[in-house]
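Everything on this sheet refers to the single structure shown next.
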Amino acid sequence: NAGVTQTPKFQVLKTGQSMTLQCAQDMNHNSMYWYRQDPGMGLRLIYYSASEGTTDKGEVPNGYNVSRLNKREFSLRLESAAPSQTSVYFCASGDRGGTEAFFGQGTRLTVV
Amino acid sequence: AQSVTQPDIHITVSEGASLELRCNYSYGATPYLFWYVQSPGQGLQLLLKYFSGDTLVQGIKGFEAEFKRSQSSFNLRKPSVHWSDAAEYFCAVAQGYSSASKIIFGSGTRLSIRP
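Quick mapping for you: the protein sequence lines, in order, are chains C and D. Note that the numbering used here has the first sequence beginning at 789, numbered continuously upward. Note that the numbering used here has the second sequence beginning at 611, numbered continuously upward.
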């Protein structure tokens, strides 16, 4: 029962470097989400995808891009990392927006 | 746009005491409401959810929540807390039953348990 799998679990980047956070789900869900979690801010929605091939901005999309190439995978890309992007990133999936979201274990990203 | 407010950043209760965590939402139509729990270093786990019908919903681990439309609230309760309940709790709202619906979270309430 893999559920939602995120890679990597930890990453340190230098300012200006780029990287892609990977997320895959094996529950055949339509919706997928990327959140960032910062102390005192809760989880803030970066981007979400209602179905394969579609993506929409969330609350804090600036500095990020996403790709939903197939139903299973939803990646988050930082083109030029900044210290303000230091955070824990969570990927989630759900059958529909009004149903339960299942979360991955998170990626802890530090930008120095 | 929908939003969620959790007014209590940190709450400490004694083991065995009752608990109520507050959540207020802003959304024009009937919302879909959730409570999630996050243990340290872990992802989020669903405690309970409200879609329609009975406004008092039961969840896992002995938790319950009551939807009050007139107060735009969805408070989480537990009659007697256990030390293992120490965690961070998040209230969330979705616009509706659609794959295009966003799920928006509150800022969380950290629960500490006093022995």
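Where is the CB? At the ideal position from N, CA and C, for every residue including glycine. These numbers come from a predicted model, not from an experiment.
- Within the DSSP bridge table, the entry for C:Q825 names C:L831 and C:V876 as partners.
- Taking 8 Å as the upper bound for CB-CB distance, C:T898 and C:Y877 are not in contact here, some 11 Å apart.
- The segment 826-842 of chain C and the segment 687-695 of chain D do not touch, with fewer than three beta-carbon pairs separated by less than 8 Å.
- In the three-state reduction of the DSSP assignment, D:Q616 falls in the coil class, being assigned neither a helical nor a strand state.
- Look at the segment 614-640 of chain D: the residues with a C-beta under 9 Å from a C-beta of chain C are V614, Q616 and I619.
- In this structure D:A696 does not touch D:I670 by the C-beta definition: roughly 16 Å separates them, more than the 8 Å allowed.
- Within the same chain, Cβ atoms closer than 6 Å to the Cβ of D:V667 are found at L658, Y660 and A675, the five residues on either side in sequence being excluded.
- Residue contact check for D:L654 against chain C: a CB pair falls below 8 Å.
- Restricted to the segment 621-683 of chain D, the beta strand (DSSP E) segments that are unbroken, complete and at least 3 residues in length are 629-631, 634-636, 642-648, 654-660, 666-668 and 674-678, listed in chain order.
- Straight-line measurement puts the Cα of D:L656 at about 18 Å from the Cα of D:S683.
- Between the segment 857-873 of chain C and the segment 801-818 of chain C, the count of Cβ pairs shorter than 8 Å is three or higher; the stretches touch.
- Residue environment for D:A702: buried (at least 16 other C-beta atoms within 10 angstroms of its C-beta).
- Rounded to the nearest angstrom, the gap between the Cα atoms of D:Q681 and D:S636 is 10 Å.
- In this model, C:C879 and C:N858 are separated by some 15 Å (Cα to Cα).
- Excluding its 5 nearest sequence neighbours in each direction, D:E625 has C-beta neighbours in its own chain below 8 Å: V691, H692, W693, I723, R724 and P725, listed in chain order.
- The continuous beta strand (DSSP E) containing C:Q810 extends over residues M807 to Q813.
- Secondary-structure assignment with DSSP links C:Q794 through a beta bridge to C:C811.
- When C-alpha distances from C:A790 are compared across C:S837, C:N816 and C:S806, the shortest belongs to C:N816.
- Scanning D:S711, D:L721, D:F700 and D:R720 for the CA closest to the CA of D:V614 turns up D:F700.
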